[in-house]
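The next block holds one structure in the form of structure tokens; read it before the comments.
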Amino acid sequence: MSTLEKKRDEINRKRRISRSKINGKYAEYSAHYRRECLEKSKASQAAHRAIKSGKIARPNNCEKCKKKCKPDAHHESYKKEDWLNVIFLCRSCHRLRHVELNNQI
Ligand SMILES: [Zn+2]
Ligand SMILES: [Zn+2]
Numbered sequence: 001m002s003t004l005e006k007k008r009d010e011i012n013r014k015r016r017i018s019r020s021k022i023n024g025k026y027a028e029y030s031a032h033y034r035r036e037c038l039e040k041s042k043a044s045q046a047a048h049r050a051i052k053s054g055k056i057a058r059p060n061n062c063e064k065c066k067k068k069c070k071p072d073a074h075h076e077s078y079k080k081e082d083w084l085n086v087i088f089l090c091r092s093c094h095r096l097r098h099v100e101l102n103n104q105i
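With the first letter of the sequence shown counted as 1, position 71 gets the number 71 in our numbering; the numbers rise by one all the way through.
As structure tokens, then:
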């Protein structure tokens, strides 16, 4: 596919999305999802900054299974006051925790 075609494709895709947003529920969901995504990335950026600057110490093991690793900072809440409120989980515990959180809804 040429670059031009790709661009056209991209535009068409965007058009389709914005059209489908017009009908109520999806638009609502998508706005909610976007907001959540934004909060999420802000929260993780804040946590990473804090880790880099030494404000938060990253342990050398997972807080849950105690496996030795370079654990991920996980947020139980993405509210601004909880941005630096992280727990450190290895990749598998982290993934599992998100599955648990998803299932709570
Ligand atoms: Zn773990
Ligand atoms: Zn997480």
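Glycine included, C-beta positions come from ideal geometry on N, C-alpha and C.
Which of helix, strand or coil DSSP assigns to residue i
| i | result |
| --- | --- |
| Lys67 | coil |
| Lys79 | coil |
| Lys55 | coil |
| Ser44 | helix |
| Ser2 | coil |
Residue i: CB within 7 Å of a non-hydrogen atom of ligand 3
| i | result |
| --- | --- |
| Arg58 | Summarising the ligand content, the structure contains ligand 1 and ligand 2 and does not contain ligand 3. |
Check: residue i C-beta below 7 Å from any heavy atom of ligand 1
| i | result |
| --- | --- |
| Lys67 | yes |
| Cys93 | yes |
| Lys70 | no |
| Leu89 | yes |
| Lys25 | no |
| Lys40 | no |
For residue i: DSSP bridge partner residues
| i | result |
| --- | --- |
| Ile87 | His74 |
| Asn61 | Lys68 |
Any non-hydrogen atom of ligand 2 closer than 7 Å to residue i Cβ
| i | result |
| --- | --- |
| His48 | no |
| Arg15 | no |
| His74 | yes |
Chain D within 8 Å of residue i, Cβ atoms only
| i | result |
| --- | --- |
| Asn103 | The question asks about chain D, but that chain is absent: this structure has only one protein chain. |
_Inter-stretch contact at 8 Å, needing at least 3 Cβ pairs: the segment 75–94 / the segment 39–49_ = yes
Check whether the segment 65–73 and the segment 22–37 are in contact - that is, three or more C-beta pairs closer than 8 Å. no
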